[in-house]
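Enquirer: Numbering (the working numbering), first residue to last: 44 to 436.
Idealized CB from N, CA, C, for every residue including glycine.
Here the structure is a predicted model, which means the values were calculated and not measured.
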């Protein structure tokens, strides 16, 4: 092994030992989270409703139904999940945490109440993002560990890449009939190689959730350095128009305009910013539970004036890349097939710290055994020399 590769091996080994446990936890929770929508649909009946031949109740009506049950809370976010799906209010209830309140969007019947932090997959997501630590600390630990993992994948390819063409066939396959240590070695190297491309994509999209500089980097790279200032300027409501009288609730007007301009959207999110100059934003998503391909509309909360329209087709490449981040990270950008790919890649990523540790431990034991044998051999040799068994020529 060359001196360069010895240095690479040193860093690969010790960085792997430092980040291994976190990478394992993040990867395993990523596996579980990939199919969270499908699993929850199978387990919970409240996630579906009978389709009726009439329009959904408007946001103001959903908000009123919510207020009737929770008068001291605000309907911060209102979701319309699509045909055959409920409407839901996500509300921050202070010390109680965030709650989802589900309604039948046709009748207004309250169908389910759920504390977000009690949902199994929300817990899995918090472990994945923060290791159940305070978000700032946990996010930093996870982010740094994933960053180290990116370095490990690159150094792993450098160490693994075969020198000779004759070695390549052997390097691309697992020798299943070999001794268990050889199989473990192949699992670490071969599976690591095959998963690297997907794992790098998952890692980078994960890093963009932890570090703003990664998001900005993706944005600037995709835009080739070009600035799109209109995307970064957020309009404000005119608080001087607070007493303005409208014939229709502003929140309903915004929702209707979004439906008219994005008629093919399957899911809508209505967000009411409660600050004095905050706006009402309606986002229309092309597909249910998919966050890529969305049109957004922002309205003055007092007058109902449309302040900004941001259709998907007019967004910059950088903005599109950042908005598809979640869908790419969980694999759903490619539908169910993409989820399977992300699941398998995450599973392999979870195995790498384990197989890597076994390789390191085995070499450590082998080195210690060799050292002991050398010491015993030297002592025996000296003892025999002292007895005159060996004579110098």
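Helix, strand or coil for residue 196 per DSSP?
Expert: The answer is helix: DSSP assigns residue 196 an H, G or I state.
Enquirer: Using a threshold of 8 Å, state whether the C-beta atoms of residue 251 and residue 261 are closer than that.
Expert: Yes, Cβ-Cβ distance for residue 251 and residue 261 is below 8 Å.
Enquirer: By a C-beta neighbour count over all protein chains shown, 10 Å radius and 16 as the cutoff for buried, is residue 62 buried or exposed?
Expert: By the 10 Å Cβ count, residue 62 comes out buried.
Enquirer: Identify which residue in 161, 125, 139, 162 has its Cα closest to the Cα of residue 146.
Expert: It is 125.
Enquirer: Is residue 245 near residue 372, with beta carbons less than 8 Å apart?
Expert: Yes, the Cβ-Cβ distance between residue 245 and residue 372 is below 8 Å.
Enquirer: Taking DSSP as the reference, what is the three-state secondary structure of residue 128?
Expert: Here residue 128 sits in coil by DSSP.
Enquirer: Where does residue 315 sit, in a helix, a strand or coil, going by DSSP?
Expert: The answer is strand: DSSP assigns residue 315 an E or B state.
Enquirer: In or out: residue 385 buried (at least 16 other Cβ within 10 Å) or exposed?
Expert: That one is buried.
Enquirer: Roughly how many angstroms lie between the CA atoms of residue 318 and residue 82, to the nearest whole one?
Expert: Approximately 37 Å, taken between the alpha carbons.
Enquirer: Closer than 8 Å is the cut-off here; do at least three beta carbon pairs connect the region 222-229 with the region 374-393?
Expert: Short answer: they don't touch.
Enquirer: Is the distance from the Cβ of residue 313 to the Cβ of residue 121 below 8 Å?
Expert: Cβ distance < 8 Å, so residue 313 and residue 121 count as in contact.
Enquirer: Name the two residues that bound the continuous beta strand (DSSP E) containing residue 353.
Expert: Residues 349-353.
Enquirer: Classify residue 435 as buried or exposed, calling it buried when 16 or more other Cβ atoms lie within 10 Å of its own Cβ.
Expert: With a pLDDT of 44 at residue 435, under the threshold of 50, the modelled position of this residue cannot be trusted, and the question is left open.
Enquirer: Considering only C-alpha positions, which residue in the set 350, 333, 302 is nearest to residue 279?
Expert: Comparing Cα-Cα distances from residue 279 to each of 350, 333, 302, the minimum goes to 350.
Enquirer: Any contact between the region 57-72 and the region 172-191? By contact I mean 3 or more CB pairs, one from each, below 8 Å.
Expert: The region 57-72 is in contact with the region 172-191.
Enquirer: Hey, would you say residue 109 sits closer than 8 Å to residue 132, going by beta carbons?
Expert: Taking 8 Å as the Cβ cut-off, residue 109 and residue 132 qualify as a contacting pair.
Enquirer: Drop a sphere of 10 angstroms on the beta-carbon of residue 88, count the other beta-carbons inside from all chains shown, and report buried for 16 or more, exposed for fewer.
Expert: The residue is exposed, with fewer than 16 neighbouring Cβ atoms inside 10 Å.
Enquirer: Taking 7 Å as the limit between beta carbons, can you name the residues of its chain near residue 198, skipping five residues before and five after?
Expert: Cβ within range, chain order: 51, 54, 55.
Enquirer: Straight-line CA distance for residue 330 to residue 266?
Expert: Cα to Cα, residue 330 sits roughly 25 Å from residue 266.
Enquirer: Just to confirm my understanding: we take residue 59, look at its own chain, exclude 5 residues before and 5 after, and list those with CB closer than 7 Å. What are they?
Expert: Once the five neighbours on either side are set aside, the close Cβ partners of residue 59 are 195, 396, 399.
Enquirer: If you run the structure through DSSP and keep just helix, strand and coil, what is residue 259?
Expert: Helix at residue 259.
Enquirer: Which residues in the same chain have their Cβ closer than 7 Å to the Cβ of residue 75, if we skip the five residues on either side of it in sequence?
Expert: Here the set comprises 167.
Enquirer: Secondary structure at residue 233, three-state DSSP: helix, strand or coil?
Expert: Helix.
Enquirer: What ranges does the beta strand (DSSP E) occupy inside the region 372-402, keeping only unbroken runs of at least 3 residues that lie completely in it?
Expert: None, since the region 372-402 contains no complete beta strand (DSSP E) of that length.
Enquirer: Could you check the C-alpha separation between residue 233 and residue 203 for me, to the nearest Å?
Expert: Computed Cα separation, rounded: 9 Å.
Enquirer: Please classify residue 248: is it buried, with 16 or more other beta-carbons within 10 angstroms of its beta-carbon, or exposed?
Expert: Residue 248 is buried by the Cβ-count criterion.
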